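Worksheet: the structure to be examined is printed underneath.
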Amino acid sequence: MPTEVTPTGYRSEPRRADLDWLRVLGMLAVFLVHAAEPFNPWDTWHVQSALRSKWLGELVFFPAPWIMPLFMALAGEAAWLALRSRSPARYVRERLLRLGLPLVLGILVLVPPQVWVERRLQGRFDGSLLAFYPHFFDGIYPDGNFAWHNLWFLVFLLAFSLATAPLLARLRAPAGRRLLARLAAPCQGPAGLAWLVLPAVAIRILTATSAPGFPPLAYDWSNRGLLLPAFLWGFAVAAEPGFAAAVDRHWRPALAIAVAASVGLCAWAWPGDVLARLPAARSAGGVLLWGGYGCASWCWLVALLGGARRFLAHDGEALQRASGLVYPFYVLHHGVIVALAAAMVRRGADSAGLPAAFVGLAAASLAISVALCWVVAAWEPLRLVFGLRSRHRSVVREPVPLARDEL
(Lines of atoms letter the chains of each structure in order from A and count residues from 1; the text may use other names and numbers.)
(Lines give C-alpha, C1' and ligand atoms only; values in the text may rest on other atoms or scores of the structure.)
Protein backbone atom coordinates (compact mmCIF):
# COMPACT_ATOMS: atom_id res chain seq x y z
CA MET A 1 0.00 0.00 0.00
CA PRO A 2 1.49 3.39 -0.93
CA THR A 3 2.43 5.85 1.73
CA GLU A 4 0.68 9.18 1.33
CA VAL A 5 2.52 12.38 2.19
CA THR A 6 0.79 15.72 2.41
CA PRO A 7 2.42 18.84 0.95
CA THR A 8 3.38 19.85 4.49
CA GLY A 9 5.58 16.78 4.82
CA TYR A 10 3.39 14.92 7.29
CA ARG A 11 2.45 11.38 6.44
CA SER A 12 -1.30 10.77 6.40
CA GLU A 13 -2.57 7.92 8.54
CA PRO A 14 -2.47 4.52 6.78
CA ARG A 15 -5.75 3.12 5.51
CA ARG A 16 -7.30 0.16 7.29
CA ALA A 17 -9.77 -1.66 5.06
CA ASP A 18 -11.61 -3.21 8.01
CA LEU A 19 -12.19 0.22 9.53
CA ASP A 20 -13.35 1.58 6.18
CA TRP A 21 -15.86 -1.27 5.88
CA LEU A 22 -17.19 -0.58 9.37
CA ARG A 23 -17.55 3.13 8.61
CA VAL A 24 -19.47 2.49 5.41
CA LEU A 25 -21.71 -0.27 6.78
CA GLY A 26 -22.26 1.64 10.02
CA MET A 27 -23.27 4.73 8.06
CA LEU A 28 -25.71 2.62 6.05
CA ALA A 29 -27.25 1.44 9.34
CA VAL A 30 -27.59 5.03 10.60
CA PHE A 31 -29.20 6.03 7.31
CA LEU A 32 -31.75 3.21 7.46
CA VAL A 33 -32.58 4.10 11.07
CA HIS A 34 -33.31 7.70 10.13
CA ALA A 35 -35.31 6.64 7.06
CA ALA A 36 -37.41 4.37 9.29
CA GLU A 37 -38.03 6.98 12.00
CA PRO A 38 -41.11 8.59 10.37
CA PHE A 39 -42.80 5.18 10.63
CA ASN A 40 -41.54 4.26 14.11
CA PRO A 41 -44.50 3.71 16.47
CA TRP A 42 -42.41 4.01 19.62
CA ASP A 43 -40.78 7.39 19.17
CA THR A 44 -41.65 10.97 18.28
CA TRP A 45 -39.46 12.12 15.40
CA HIS A 46 -39.26 15.40 13.49
CA VAL A 47 -41.71 14.15 10.84
CA GLN A 48 -44.33 11.49 11.55
CA SER A 49 -46.30 9.49 9.01
CA ALA A 50 -49.75 8.15 9.81
CA LEU A 51 -48.35 4.76 8.80
CA ARG A 52 -46.55 2.94 11.61
CA SER A 53 -44.74 -0.39 11.71
CA LYS A 54 -43.38 -2.36 14.65
CA TRP A 55 -40.85 -3.92 12.28
CA LEU A 56 -39.47 -0.49 11.42
CA GLY A 57 -39.57 0.34 15.11
CA GLU A 58 -37.35 -2.68 15.70
CA LEU A 59 -35.08 -1.51 12.87
CA VAL A 60 -34.60 1.71 14.82
CA PHE A 61 -34.25 -0.04 18.18
CA PHE A 62 -31.87 -2.87 17.21
CA PRO A 63 -28.71 -0.81 16.51
CA ALA A 64 -29.41 1.75 19.25
CA PRO A 65 -27.10 0.17 21.88
CA TRP A 66 -24.05 -0.09 19.63
CA ILE A 67 -24.13 2.03 16.47
CA MET A 68 -22.87 5.35 17.87
CA PRO A 69 -20.41 3.70 20.31
CA LEU A 70 -19.07 1.91 17.21
CA PHE A 71 -18.49 5.22 15.43
CA MET A 72 -16.84 6.59 18.57
CA ALA A 73 -14.55 3.54 18.77
CA LEU A 74 -13.63 4.03 15.11
CA ALA A 75 -12.86 7.67 15.91
CA GLY A 76 -10.59 6.50 18.73
CA GLU A 77 -8.71 4.20 16.35
CA ALA A 78 -8.42 7.09 13.90
CA ALA A 79 -7.01 9.27 16.69
CA TRP A 80 -4.21 6.76 17.26
CA LEU A 81 -3.41 6.62 13.54
CA ALA A 82 -3.45 10.42 13.36
CA LEU A 83 -1.17 10.88 16.37
CA ARG A 84 1.39 8.50 14.87
CA SER A 85 2.20 11.17 12.29
CA ARG A 86 1.25 14.41 14.03
CA SER A 87 2.25 16.36 17.08
CA PRO A 88 -0.49 16.75 19.70
CA ALA A 89 -0.78 20.45 18.81
CA ARG A 90 -1.29 19.66 15.12
CA TYR A 91 -3.79 16.95 16.03
CA VAL A 92 -5.84 19.45 18.07
CA ARG A 93 -5.73 22.06 15.28
CA GLU A 94 -6.88 19.53 12.71
CA ARG A 95 -9.72 18.29 14.91
CA LEU A 96 -10.88 21.85 15.53
CA LEU A 97 -10.94 22.49 11.79
CA ARG A 98 -12.31 19.17 10.54
CA LEU A 99 -14.97 18.81 13.26
CA GLY A 100 -15.66 22.37 14.31
CA LEU A 101 -16.17 23.88 10.86
CA PRO A 102 -18.75 21.29 9.66
CA LEU A 103 -20.47 21.53 13.05
CA VAL A 104 -20.87 25.31 12.83
CA LEU A 105 -21.90 25.11 9.17
CA GLY A 106 -24.43 22.40 9.92
CA ILE A 107 -26.01 24.18 12.88
CA LEU A 108 -26.31 27.53 11.09
CA VAL A 109 -27.17 26.35 7.57
CA LEU A 110 -28.44 22.76 7.52
CA VAL A 111 -30.44 22.45 10.75
CA PRO A 112 -32.68 25.58 10.55
CA PRO A 113 -34.57 24.31 7.47
CA GLN A 114 -35.25 21.04 9.29
CA VAL A 115 -36.69 22.81 12.34
CA TRP A 116 -38.69 25.11 10.04
CA VAL A 117 -40.22 22.12 8.24
CA GLU A 118 -41.11 20.53 11.58
CA ARG A 119 -42.68 23.70 12.96
CA ARG A 120 -44.77 24.15 9.81
CA LEU A 121 -46.06 20.58 10.07
CA GLN A 122 -46.92 21.23 13.73
CA GLY A 123 -48.72 24.46 12.88
CA ARG A 124 -46.33 26.45 15.07
CA PHE A 125 -45.02 28.62 12.22
CA ASP A 126 -46.58 29.63 8.93
CA GLY A 127 -44.00 31.87 7.29
CA SER A 128 -41.09 31.36 4.94
CA LEU A 129 -37.72 29.88 5.84
CA LEU A 130 -36.20 33.36 5.64
CA ALA A 131 -38.79 34.67 8.08
CA PHE A 132 -38.21 31.70 10.39
CA TYR A 133 -34.43 31.99 10.55
CA PRO A 134 -34.27 34.65 13.33
CA HIS A 135 -36.62 32.46 15.38
CA PHE A 136 -34.21 29.53 15.09
CA PHE A 137 -32.38 31.02 18.07
CA ASP A 138 -35.52 31.21 20.23
CA GLY A 139 -35.00 28.72 23.05
CA ILE A 140 -33.56 25.23 23.08
CA TYR A 141 -35.15 22.39 21.13
CA PRO A 142 -37.60 20.67 21.52
CA ASP A 143 -39.51 23.40 23.38
CA GLY A 144 -37.54 26.06 21.53
CA ASN A 145 -36.00 26.00 18.07
CA PHE A 146 -32.22 25.97 18.48
CA ALA A 147 -31.01 22.44 17.74
CA TRP A 148 -28.19 20.42 16.27
CA HIS A 149 -30.20 17.28 15.45
CA ASN A 150 -27.89 14.50 14.18
CA LEU A 151 -24.86 16.77 14.58
CA TRP A 152 -24.89 16.03 18.32
CA PHE A 153 -22.32 13.34 17.58
CA LEU A 154 -19.87 15.94 16.27
CA VAL A 155 -20.34 17.93 19.48
CA PHE A 156 -19.35 14.92 21.58
CA LEU A 157 -16.54 13.87 19.28
CA LEU A 158 -15.03 17.35 19.21
CA ALA A 159 -15.29 17.64 23.00
CA PHE A 160 -13.72 14.22 23.54
CA SER A 161 -10.96 14.84 20.99
CA LEU A 162 -9.90 18.07 22.66
CA ALA A 163 -10.35 16.94 26.26
CA THR A 164 -8.41 13.69 25.81
CA ALA A 165 -5.58 15.03 23.64
CA PRO A 166 -3.12 15.34 26.58
CA LEU A 167 -4.00 11.82 27.77
CA LEU A 168 -3.64 10.33 24.29
CA ALA A 169 -0.28 12.01 23.90
CA ARG A 170 0.89 10.46 27.17
CA LEU A 171 -0.38 7.04 26.12
CA ARG A 172 1.81 7.29 23.02
CA ALA A 173 4.90 7.63 25.19
CA PRO A 174 6.79 4.51 26.41
CA ALA A 175 5.25 4.70 29.90
CA GLY A 176 1.78 4.98 28.41
CA ARG A 177 2.40 2.05 26.10
CA ARG A 178 3.50 -0.06 29.07
CA LEU A 179 0.31 0.90 30.93
CA LEU A 180 -1.83 -0.16 27.96
CA ALA A 181 0.05 -3.45 27.77
CA ARG A 182 -0.65 -4.15 31.45
CA LEU A 183 -4.34 -3.33 31.01
CA ALA A 184 -4.56 -5.58 27.96
CA ALA A 185 -2.91 -8.60 29.58
CA PRO A 186 -5.96 -9.94 31.51
CA CYS A 187 -8.19 -9.36 28.47
CA GLN A 188 -6.27 -11.98 26.49
CA GLY A 189 -6.99 -14.87 28.88
CA PRO A 190 -9.96 -17.25 28.91
CA ALA A 191 -11.99 -14.78 30.98
CA GLY A 192 -10.84 -11.86 28.87
CA LEU A 193 -14.26 -11.13 27.43
CA ALA A 194 -15.54 -10.41 30.94
CA TRP A 195 -12.69 -7.93 31.44
CA LEU A 196 -13.70 -6.24 28.18
CA VAL A 197 -17.47 -6.16 28.71
CA LEU A 198 -18.21 -5.89 32.44
CA PRO A 199 -16.79 -2.35 32.84
CA ALA A 200 -19.21 -1.18 30.13
CA VAL A 201 -22.10 -2.92 31.88
CA ALA A 202 -21.15 -1.23 35.15
CA ILE A 203 -20.84 2.18 33.48
CA ARG A 204 -24.23 1.82 31.79
CA ILE A 205 -25.95 0.84 35.03
CA LEU A 206 -24.16 3.57 36.99
CA THR A 207 -25.05 6.35 34.56
CA ALA A 208 -28.67 5.19 34.32
CA THR A 209 -29.13 5.01 38.09
CA SER A 210 -27.07 8.00 39.21
CA ALA A 211 -28.11 10.63 36.65
CA PRO A 212 -31.36 9.64 34.96
CA GLY A 213 -32.49 12.37 32.61
CA PHE A 214 -29.58 14.72 33.35
CA PRO A 215 -28.94 16.56 30.07
CA PRO A 216 -25.37 17.72 29.43
CA LEU A 217 -24.31 18.79 25.92
CA ALA A 218 -27.05 17.23 23.81
CA TYR A 219 -28.99 14.41 25.46
CA ASP A 220 -29.16 12.74 28.84
CA TRP A 221 -25.81 11.45 30.01
CA SER A 222 -27.18 8.02 30.82
CA ASN A 223 -27.74 7.45 27.10
CA ARG A 224 -24.30 8.82 26.12
CA GLY A 225 -22.19 7.52 28.99
CA LEU A 226 -20.49 4.81 26.91
CA LEU A 227 -19.28 7.15 24.19
CA LEU A 228 -16.13 8.39 25.92
CA PRO A 229 -15.13 4.85 27.03
CA ALA A 230 -15.73 3.68 23.45
CA PHE A 231 -13.48 6.44 22.11
CA LEU A 232 -10.68 5.59 24.53
CA TRP A 233 -11.13 1.86 23.93
CA GLY A 234 -10.88 2.32 20.18
CA PHE A 235 -7.63 4.20 20.73
CA ALA A 236 -6.34 1.41 22.99
CA VAL A 237 -7.22 -1.35 20.49
CA ALA A 238 -5.29 0.48 17.77
CA ALA A 239 -2.35 1.36 20.02
CA GLU A 240 -1.81 -1.88 21.95
CA PRO A 241 -1.47 -5.23 20.13
CA GLY A 242 -2.65 -6.99 23.28
CA PHE A 243 -6.10 -5.42 23.00
CA ALA A 244 -6.26 -6.29 19.31
CA ALA A 245 -5.31 -9.88 20.15
CA ALA A 246 -8.07 -9.99 22.78
CA VAL A 247 -10.60 -8.79 20.22
CA ASP A 248 -9.40 -11.43 17.76
CA ARG A 249 -9.74 -14.14 20.40
CA HIS A 250 -13.11 -13.20 21.86
CA TRP A 251 -15.15 -11.76 19.00
CA ARG A 252 -17.04 -15.00 18.30
CA PRO A 253 -18.41 -15.51 21.84
CA ALA A 254 -19.01 -11.76 21.98
CA LEU A 255 -21.13 -12.05 18.84
CA ALA A 256 -23.21 -14.84 20.37
CA ILE A 257 -23.83 -12.81 23.53
CA ALA A 258 -24.55 -9.66 21.51
CA VAL A 259 -27.15 -11.41 19.38
CA ALA A 260 -28.80 -12.94 22.46
CA ALA A 261 -28.86 -9.60 24.30
CA SER A 262 -30.25 -7.76 21.27
CA VAL A 263 -32.93 -10.40 20.70
CA GLY A 264 -33.94 -10.01 24.34
CA LEU A 265 -34.08 -6.22 24.08
CA CYS A 266 -36.07 -6.34 20.84
CA ALA A 267 -38.49 -8.87 22.35
CA TRP A 268 -38.99 -6.55 25.32
CA ALA A 269 -39.71 -3.64 22.93
CA TRP A 270 -42.14 -5.54 20.67
CA PRO A 271 -45.35 -5.04 22.73
CA GLY A 272 -44.99 -1.28 22.25
CA ASP A 273 -45.24 1.75 24.56
CA VAL A 274 -41.49 1.47 25.04
CA LEU A 275 -40.99 4.77 26.86
CA ALA A 276 -44.01 4.23 29.10
CA ARG A 277 -42.84 0.72 30.01
CA LEU A 278 -39.31 1.66 30.99
CA PRO A 279 -38.70 0.39 34.52
CA ALA A 280 -37.44 2.77 37.17
CA ALA A 281 -33.69 3.14 36.72
CA ARG A 282 -32.90 2.08 40.29
CA SER A 283 -35.25 -0.90 40.35
CA ALA A 284 -34.18 -4.48 39.73
CA GLY A 285 -35.85 -4.31 36.33
CA GLY A 286 -33.99 -1.12 35.50
CA VAL A 287 -30.64 -2.62 36.46
CA LEU A 288 -31.39 -5.70 34.35
CA LEU A 289 -32.52 -3.64 31.35
CA TRP A 290 -29.63 -1.20 31.35
CA GLY A 291 -27.11 -3.89 32.21
CA GLY A 292 -28.31 -5.87 29.20
CA TYR A 293 -28.16 -2.71 27.13
CA GLY A 294 -24.54 -2.11 28.14
CA CYS A 295 -23.68 -5.76 27.54
CA ALA A 296 -25.16 -5.60 24.04
CA SER A 297 -23.27 -2.36 23.35
CA TRP A 298 -19.83 -3.69 24.19
CA CYS A 299 -20.28 -7.22 22.89
CA TRP A 300 -21.32 -5.77 19.54
CA LEU A 301 -18.21 -3.56 19.56
CA VAL A 302 -15.94 -6.55 20.20
CA ALA A 303 -17.79 -8.68 17.65
CA LEU A 304 -17.80 -6.04 14.92
CA LEU A 305 -14.18 -5.00 15.34
CA GLY A 306 -13.00 -8.61 15.52
CA GLY A 307 -15.23 -9.85 12.71
CA ALA A 308 -14.14 -6.99 10.47
CA ARG A 309 -10.47 -7.73 11.15
CA ARG A 310 -11.14 -11.36 10.21
CA PHE A 311 -13.39 -11.02 7.16
CA LEU A 312 -13.25 -7.43 5.87
CA ALA A 313 -9.56 -6.89 5.22
CA HIS A 314 -9.97 -6.65 1.42
CA ASP A 315 -9.57 -3.15 0.05
CA GLY A 316 -10.56 -1.48 -3.20
CA GLU A 317 -11.02 1.87 -4.86
CA ALA A 318 -14.80 1.77 -4.46
CA LEU A 319 -14.45 1.15 -0.72
CA GLN A 320 -11.98 4.00 -0.35
CA ARG A 321 -14.27 6.38 -2.22
CA ALA A 322 -17.28 5.35 -0.15
CA SER A 323 -15.36 5.65 3.12
CA GLY A 324 -14.16 9.10 2.11
CA LEU A 325 -17.76 10.25 1.70
CA VAL A 326 -19.05 8.91 5.03
CA TYR A 327 -18.41 12.18 6.88
CA PRO A 328 -20.28 14.54 4.51
CA PHE A 329 -22.98 11.89 4.09
CA TYR A 330 -23.53 11.86 7.85
CA VAL A 331 -23.79 15.65 7.95
CA LEU A 332 -26.16 15.89 4.95
CA HIS A 333 -28.43 12.84 4.94
CA HIS A 334 -30.56 13.76 7.96
CA GLY A 335 -31.80 16.99 6.43
CA VAL A 336 -32.58 15.25 3.15
CA ILE A 337 -34.70 12.62 4.92
CA VAL A 338 -36.54 15.25 6.96
CA ALA A 339 -37.32 17.33 3.84
CA LEU A 340 -38.50 14.37 1.76
CA ALA A 341 -40.49 12.84 4.62
CA ALA A 342 -42.24 16.18 5.20
CA ALA A 343 -43.10 16.44 1.50
CA MET A 344 -44.39 12.87 1.57
CA VAL A 345 -46.63 13.55 4.56
CA ARG A 346 -47.94 16.89 3.24
CA ARG A 347 -48.85 15.43 -0.15
CA GLY A 348 -50.25 12.20 1.20
CA ALA A 349 -47.71 10.13 -0.72
CA ASP A 350 -47.55 7.67 2.18
CA SER A 351 -51.09 6.59 1.26
CA ALA A 352 -49.47 4.23 -1.26
CA GLY A 353 -48.79 1.90 1.66
CA LEU A 354 -46.03 1.48 4.18
CA PRO A 355 -43.58 -0.69 2.17
CA ALA A 356 -43.75 1.65 -0.82
CA ALA A 357 -43.50 4.74 1.39
CA PHE A 358 -40.45 3.48 3.31
CA VAL A 359 -38.62 2.15 0.25
CA GLY A 360 -39.42 5.28 -1.74
CA LEU A 361 -38.26 7.59 1.04
CA ALA A 362 -35.07 5.60 1.60
CA ALA A 363 -34.21 5.30 -2.11
CA ALA A 364 -34.83 8.96 -2.90
CA SER A 365 -32.98 10.15 0.20
CA LEU A 366 -30.02 7.91 -0.56
CA ALA A 367 -29.78 9.09 -4.17
CA ILE A 368 -29.97 12.78 -3.25
CA SER A 369 -27.54 12.44 -0.32
CA VAL A 370 -24.96 10.61 -2.44
CA ALA A 371 -25.31 13.19 -5.22
CA LEU A 372 -24.73 16.00 -2.72
CA CYS A 373 -21.67 14.19 -1.39
CA TRP A 374 -20.24 13.97 -4.90
CA VAL A 375 -20.69 17.72 -5.27
CA VAL A 376 -18.92 18.28 -1.96
CA ALA A 377 -16.06 15.97 -2.91
CA ALA A 378 -15.60 17.58 -6.32
CA TRP A 379 -15.32 21.20 -5.17
CA GLU A 380 -12.29 22.08 -3.07
CA PRO A 381 -13.92 24.88 -0.98
CA LEU A 382 -16.76 22.54 -0.01
CA ARG A 383 -14.27 19.82 0.91
CA LEU A 384 -12.80 22.23 3.44
CA VAL A 385 -16.09 23.22 5.07
CA PHE A 386 -17.25 19.59 5.23
CA GLY A 387 -14.07 18.40 6.93
CA LEU A 388 -12.53 16.54 3.99
CA ARG A 389 -8.82 16.64 3.23
CA SER A 390 -7.54 18.52 0.23
CA ARG A 391 -7.10 16.46 -2.92
CA HIS A 392 -3.79 18.23 -3.58
CA ARG A 393 -1.36 15.82 -1.94
CA SER A 394 1.37 13.67 -3.34
CA VAL A 395 1.86 9.90 -3.06
CA VAL A 396 5.23 8.17 -2.66
CA ARG A 397 6.05 4.50 -2.68
CA GLU A 398 8.68 4.33 0.05
CA PRO A 399 7.91 4.30 3.76
CA VAL A 400 8.80 7.42 5.69
CA PRO A 401 9.34 7.97 9.42
CA LEU A 402 6.04 8.39 11.22
CA ALA A 403 7.22 10.53 14.09
CA ARG A 404 10.46 11.68 15.61
CA ASP A 405 10.32 9.16 18.48
CA GLU A 406 9.96 6.32 15.95
CA LEU A 407 13.13 7.09 13.99
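Numbering-wise (the numbering used here), the sequence shown opens with residue 360 and increments by one. For each residue, glycine too, the CB sits at the ideal point set by N, CA and C. Note that the structure is predicted; figures quoted are calculated from it, not measured.
query                                                                                                                                                                           : result
Excluding the 5 residues preceding and the 5 following residue 560 in the sequence, name in chain order all residues of the same chain whose CB lies nearer than 8 Å to its CB. : 650, 653, 654, 657
Anyone know if the C-beta pair for residue 744 and residue 442 falls short of 7 Å?                                                                                              : no
Compare the C-alpha of residue 467 against each of 712, 694, 562, 673 and name the closest.                                                                                     : 694
Using a Cβ distance threshold of 8 Å, determine whether the segment 545-555 contacts the segment 469-484, with at least three qualifying pairs required.                        : no
Look at the alpha carbon of residue 447 and the alpha carbon of residue 539, and state the distance between them as a whole number of angstroms.                                : 19 Å
Would residue 432 and residue 629 qualify as a contact pair, given that the criterion is a beta-carbon distance under 7 Å?                                                      : no
From residue 428 to residue 739, what does the alpha carbon distance come to, in whole angstroms?                                                                               : 31 Å
Verify whether the separation of the beta carbon atoms of residue 457 and residue 746 is less than 7 Å.                                                                         : yes
Hey, quick one: how far does the alpha helix (DSSP H) through residue 552 stretch, first residue to last?                                                                       : 551-569
Determine whether the beta carbon atoms of residue 552 and residue 609 lie at a separation below 7 Å.                                                                           : yes
What do you get for residue 491, buried or exposed, if any count of 16 or more other CB atoms within 10 angstroms of its CB means buried?                                       : buried
In angstroms with no decimal places, state the Cα-to-Cα distance between residue 435 and residue 536.                                                                           : 16 Å
Have a look at residue 646 and residue 509 and give me their C-alpha separation to the nearest angstrom.                                                                        : 28 Å
Going by DSSP, name the residue or residues bridged to residue 499.                                                                                                             : 505
Is it buried or exposed for residue 377, if we count other Cβ within 10 angstroms and need 16 for buried?                                                                       : buried
In the segment 400-446, which residue ranges form an unbroken alpha helix (DSSP H) of at least 4 residues, counting only runs that do not cross its ends?                       : 413-420, 426-442
Using a 10 Å radius around the Cβ and a threshold of 16 neighbouring Cβ atoms, would you call residue 601 buried or exposed?                                                    : buried
So, residue 704 versus residue 406, is the Cβ gap smaller than 7 Å?                                                                                                             : yes
Look at the alpha carbon of residue 449 and the alpha carbon of residue 616, and state the distance between them as a whole number of angstroms.                                : 40 Å
Does the contact criterion of 3 or more C-beta pairs under 8 Å hold for the segment 375-395 versus the segment 664-673?                                                         : yes
Scan the segment 507-540 and note each continuous beta strand (DSSP E) run of 3 residues or more that stays entirely inside, going in chain order.                              : none
Ordered along the chain, which non-local residues of its own chain (more than five positions away) have a Cβ less than 6 Å from that of residue 748?                            : none
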